[in-house]
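Accompanying notes for the structure given below.
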Amino acid sequence: MNISLGPAEITAFWLTLKLALSTTIILMLICIPLAWWLAKSKSWFAMIIESIVALPIVLPPTVLGFYLLIAFSPQTILGEQYLALTGQQLAFSFYGILFASLIYSLPFAIQPLQATFSQLDTRLLETAQSLGAKPLDAFISIVLPICKNGIISAALLCFAHTVGEFGVILMIGGNIPGETQVLSIALFDAVESLQYEKAHMMAAGLLVFSMVILIVMNILKRGQLRATD
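In this note's numbering, the protein residues as written are 99 to 327.
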(Lines of atoms letter the chains of each structure in order from A and count residues from 1; the text may use other names and numbers.)
(Lines give C-alpha, C1' and ligand atoms only; values in the text may rest on other atoms or scores of the structure.)
Protein backbone atom coordinates (compact mmCIF):
# COMPACT_ATOMS: atom_id res chain seq x y z
CA MET A 1 0.00 0.00 0.00
CA ASN A 2 1.39 3.37 -1.06
CA ILE A 3 0.87 5.85 1.77
CA SER A 4 2.15 9.41 1.47
CA LEU A 5 2.16 12.22 3.99
CA GLY A 6 -0.63 14.75 3.59
CA PRO A 7 -0.54 18.56 3.79
CA ALA A 8 -0.98 18.50 7.58
CA GLU A 9 2.09 16.30 8.06
CA ILE A 10 4.15 18.37 5.61
CA THR A 11 3.17 21.54 7.49
CA ALA A 12 4.08 19.85 10.77
CA PHE A 13 7.50 18.97 9.31
CA TRP A 14 8.27 22.57 8.32
CA LEU A 15 6.97 23.88 11.63
CA THR A 16 9.23 21.42 13.47
CA LEU A 17 12.19 22.53 11.38
CA LYS A 18 11.42 26.19 12.09
CA LEU A 19 11.11 25.53 15.82
CA ALA A 20 14.29 23.44 16.01
CA LEU A 21 16.38 25.93 14.02
CA SER A 22 15.10 28.92 16.01
CA THR A 23 15.71 27.17 19.33
CA THR A 24 19.21 26.04 18.34
CA ILE A 25 20.37 29.43 17.06
CA ILE A 26 19.05 31.34 20.08
CA LEU A 27 20.44 28.83 22.58
CA MET A 28 23.87 28.77 20.96
CA LEU A 29 24.08 32.55 21.26
CA ILE A 30 23.12 32.34 24.93
CA CYS A 31 24.87 29.14 25.96
CA ILE A 32 28.37 29.60 24.51
CA PRO A 33 29.29 32.49 26.85
CA LEU A 34 27.28 31.00 29.74
CA ALA A 35 28.91 27.58 29.38
CA TRP A 36 32.36 29.18 29.24
CA TRP A 37 31.66 31.02 32.49
CA LEU A 38 30.30 27.89 34.18
CA ALA A 39 33.31 25.86 33.02
CA LYS A 40 35.80 28.33 34.46
CA SER A 41 33.99 29.66 37.54
CA LYS A 42 34.43 27.97 40.92
CA SER A 43 31.96 30.17 42.81
CA TRP A 44 28.91 28.89 44.68
CA PHE A 45 26.75 31.14 42.52
CA ALA A 46 27.92 29.30 39.38
CA MET A 47 27.00 26.00 41.05
CA ILE A 48 23.47 27.28 41.72
CA ILE A 49 23.08 28.50 38.13
CA GLU A 50 24.37 25.15 36.85
CA SER A 51 21.77 23.32 38.97
CA ILE A 52 18.95 25.57 37.73
CA VAL A 53 20.02 25.08 34.11
CA ALA A 54 20.01 21.28 34.55
CA LEU A 55 16.54 21.23 36.14
CA PRO A 56 14.62 20.39 32.90
CA ILE A 57 16.58 17.13 32.64
CA VAL A 58 15.08 15.69 35.83
CA LEU A 59 11.79 17.62 35.89
CA PRO A 60 8.85 15.83 34.19
CA PRO A 61 7.91 17.68 30.99
CA THR A 62 4.30 17.95 32.13
CA VAL A 63 5.37 19.72 35.33
CA LEU A 64 7.49 22.21 33.42
CA GLY A 65 4.73 22.66 30.86
CA PHE A 66 2.11 23.24 33.58
CA TYR A 67 4.09 26.02 35.26
CA LEU A 68 4.95 27.61 31.93
CA LEU A 69 1.28 27.50 31.00
CA ILE A 70 0.50 29.42 34.18
CA ALA A 71 3.35 31.88 33.47
CA PHE A 72 2.03 32.49 29.94
CA SER A 73 -1.54 33.21 31.02
CA PRO A 74 -2.91 36.74 30.45
CA GLN A 75 -3.11 37.18 34.23
CA THR A 76 0.70 37.30 34.55
CA ILE A 77 2.99 40.18 33.57
CA LEU A 78 4.60 38.17 30.75
CA GLY A 79 1.30 36.99 29.30
CA GLU A 80 -0.35 40.38 29.77
CA GLN A 81 2.46 42.27 27.99
CA TYR A 82 2.54 39.78 25.12
CA LEU A 83 -1.23 40.07 24.72
CA ALA A 84 -1.01 43.86 24.74
CA LEU A 85 1.74 43.88 22.08
CA THR A 86 0.38 41.21 19.72
CA GLY A 87 -3.31 40.91 20.51
CA GLN A 88 -2.82 37.17 21.04
CA GLN A 89 -2.09 35.09 24.10
CA LEU A 90 1.36 33.58 24.44
CA ALA A 91 0.09 30.10 25.26
CA PHE A 92 -1.13 28.08 22.25
CA SER A 93 1.05 30.09 19.86
CA PHE A 94 4.30 29.39 18.02
CA TYR A 95 6.22 31.85 20.18
CA GLY A 96 4.83 30.16 23.26
CA ILE A 97 6.23 26.77 22.22
CA LEU A 98 9.47 28.47 21.16
CA PHE A 99 9.88 30.00 24.62
CA ALA A 100 9.07 26.65 26.25
CA SER A 101 11.50 24.88 23.93
CA LEU A 102 14.29 27.29 24.86
CA ILE A 103 13.87 26.43 28.53
CA TYR A 104 13.41 22.69 28.01
CA SER A 105 16.38 22.32 25.63
CA LEU A 106 18.70 24.63 27.59
CA PRO A 107 20.65 21.89 29.44
CA PHE A 108 21.04 19.83 26.27
CA ALA A 109 22.86 22.77 24.71
CA ILE A 110 24.86 24.00 27.66
CA GLN A 111 26.16 20.78 29.20
CA PRO A 112 28.04 19.56 26.08
CA LEU A 113 29.50 23.04 25.67
CA GLN A 114 30.59 23.14 29.31
CA ALA A 115 32.24 19.72 29.00
CA THR A 116 34.05 20.82 25.84
CA PHE A 117 35.35 24.05 27.40
CA SER A 118 36.47 22.19 30.54
CA GLN A 119 38.80 20.03 28.44
CA LEU A 120 40.60 23.01 26.91
CA ASP A 121 44.19 23.52 27.99
CA THR A 122 44.14 26.88 29.78
CA ARG A 123 47.85 27.35 29.05
CA LEU A 124 46.88 28.33 25.52
CA LEU A 125 44.89 31.28 26.84
CA GLU A 126 47.61 32.23 29.29
CA THR A 127 50.11 32.30 26.44
CA ALA A 128 47.81 34.44 24.31
CA GLN A 129 47.22 36.87 27.15
CA SER A 130 50.94 37.11 27.84
CA LEU A 131 51.36 38.18 24.21
CA GLY A 132 48.85 40.98 24.72
CA ALA A 133 45.62 39.36 23.53
CA LYS A 134 42.46 40.57 25.23
CA PRO A 135 40.17 37.91 26.77
CA LEU A 136 37.51 38.32 24.07
CA ASP A 137 40.10 38.16 21.28
CA ALA A 138 41.64 35.03 22.81
CA PHE A 139 38.23 33.42 23.14
CA ILE A 140 37.31 34.11 19.51
CA SER A 141 40.68 33.26 17.98
CA ILE A 142 41.66 30.29 20.19
CA VAL A 143 38.75 28.79 22.11
CA LEU A 144 36.13 28.77 19.36
CA PRO A 145 38.34 27.22 16.64
CA ILE A 146 39.74 24.52 18.95
CA CYS A 147 36.32 23.70 20.39
CA LYS A 148 34.38 23.93 17.12
CA ASN A 149 33.56 20.20 17.02
CA GLY A 150 32.14 20.32 20.53
CA ILE A 151 30.12 23.41 19.67
CA ILE A 152 28.70 21.75 16.56
CA SER A 153 27.87 18.63 18.60
CA ALA A 154 26.02 20.75 21.17
CA ALA A 155 24.06 22.46 18.40
CA LEU A 156 23.15 19.10 16.84
CA LEU A 157 22.04 17.67 20.18
CA CYS A 158 19.93 20.77 20.87
CA PHE A 159 18.39 20.57 17.39
CA ALA A 160 17.62 16.84 17.68
CA HIS A 161 16.18 17.23 21.17
CA THR A 162 13.87 20.01 19.98
CA VAL A 163 12.68 17.89 17.05
CA GLY A 164 11.70 15.13 19.48
CA GLU A 165 9.94 17.32 22.05
CA PHE A 166 6.39 16.29 22.87
CA GLY A 167 5.14 16.78 26.43
CA VAL A 168 6.10 20.43 26.91
CA ILE A 169 4.96 21.36 23.40
CA LEU A 170 1.59 19.67 23.92
CA MET A 171 1.07 21.38 27.29
CA ILE A 172 1.97 24.85 26.02
CA GLY A 173 0.82 24.74 22.41
CA GLY A 174 -1.93 22.19 22.35
CA ASN A 175 -2.46 20.67 18.92
CA ILE A 176 -3.18 23.49 16.49
CA PRO A 177 -2.37 22.59 12.85
CA GLY A 178 -0.07 25.13 11.22
CA GLU A 179 0.61 26.88 14.53
CA THR A 180 1.75 24.43 17.21
CA GLN A 181 1.32 20.95 15.71
CA VAL A 182 4.90 19.76 15.34
CA LEU A 183 5.95 16.38 13.92
CA SER A 184 5.92 14.51 17.23
CA ILE A 185 2.32 15.60 17.87
CA ALA A 186 1.31 14.76 14.30
CA LEU A 187 2.74 11.28 14.91
CA PHE A 188 0.66 10.99 18.08
CA ASP A 189 -2.42 12.09 16.14
CA ALA A 190 -1.79 9.45 13.48
CA VAL A 191 -1.56 6.71 16.10
CA GLU A 192 -4.72 7.92 17.87
CA SER A 193 -6.66 7.90 14.60
CA LEU A 194 -5.29 4.41 13.76
CA GLN A 195 -3.38 5.68 10.71
CA TYR A 196 -0.52 3.34 11.40
CA GLU A 197 1.04 3.60 7.93
CA LYS A 198 1.51 7.35 8.32
CA ALA A 199 2.71 6.83 11.87
CA HIS A 200 5.29 4.32 10.63
CA MET A 201 6.57 6.78 8.02
CA MET A 202 6.98 9.61 10.52
CA ALA A 203 8.43 7.37 13.24
CA ALA A 204 10.90 5.77 10.83
CA GLY A 205 11.98 9.19 9.59
CA LEU A 206 12.58 10.41 13.14
CA LEU A 207 14.46 7.20 13.97
CA VAL A 208 16.80 7.55 10.98
CA PHE A 209 17.28 11.25 11.73
CA SER A 210 18.22 10.49 15.35
CA MET A 211 20.66 7.79 14.32
CA VAL A 212 22.38 10.08 11.82
CA ILE A 213 22.69 12.82 14.45
CA LEU A 214 24.30 10.38 16.92
CA ILE A 215 26.79 9.11 14.33
CA VAL A 216 27.80 12.65 13.37
CA MET A 217 28.14 13.61 17.04
CA ASN A 218 30.41 10.63 17.74
CA ILE A 219 32.59 11.54 14.76
CA LEU A 220 32.85 15.11 16.01
CA LYS A 221 33.58 13.91 19.55
CA ARG A 222 36.55 11.87 18.37
CA GLY A 223 37.85 14.86 16.46
CA GLN A 224 37.40 17.12 19.49
CA LEU A 225 39.32 14.73 21.72
CA ARG A 226 42.20 14.73 19.26
CA ALA A 227 42.12 18.54 19.09
CA THR A 228 42.31 18.97 22.88
CA ASP A 229 44.97 16.29 23.49
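We treat Cβ as the ideally placed atom computed from N, Cα and C, and that holds for glycine. Source: prediction; values computed, not measured.
Could you give the residue range of the alpha helix (DSSP H) that holds residue i?
i    : result
F215 : 192-216
S251 : 246-261
I274 : No alpha helix (DSSP H) holds I274; DSSP gives it neither H nor E.
P131 : 105-138
L285 : 281-290
S239 : Element bounds for S239: n/a, residue is neither H nor E.
P154 : 142-156
Q227 : 220-228
T160 : 159-169
L176 : 175-184
Is the beta carbon of residue i less than 9 Å from the beta carbon of residue j?
i    : j    : result
I311 : L255 : yes
S282 : E295 : no
I270 : A182 : no
Q187 : F170 : yes
S251 : T214 : yes
A284 : A106 : yes
P159 : V266 : yes
T278 : F143 : no
S120 : P154 : no
T114 : G276 : no
I238 : L222 : no
F337 : G272 : Because residue 337 is not part of the residues shown, which for the chain are 99 to 327, the question remains open.
F286 : L268 : yes
L117 : L196 : yes
L103 : M315 : no
T260 : T122 : yes
Using a threshold of 8 Å, is the CB atom of residue i nearer than that to any non-hydrogen atom of the ligand NAP?
i    : result
L125 : Only the bare structure without any ligand can be found here, which leaves the ligand NAP out of the picture.
Should residue i be flagged as near chain D, meaning a C-beta pair shorter than 9 Å?
i    : result
V314 : The chain labelled as chain D is not found in the depicted structure, where only one protein chain is given.
* Evaluate the contact criterion for the segment 204-223 versus the segment 240-255: three or more CB pairs, one atom per stretch, below 8 Å. => yes
* **Given 8 Å, three or more beta-carbon pairs between the segment 143-152 and the segment 228-239** => no
* Are at least three pairs of beta-carbons, each pair with one atom in the segment 123-134 and one in the segment 233-251, less than 8 Å apart? -> yes
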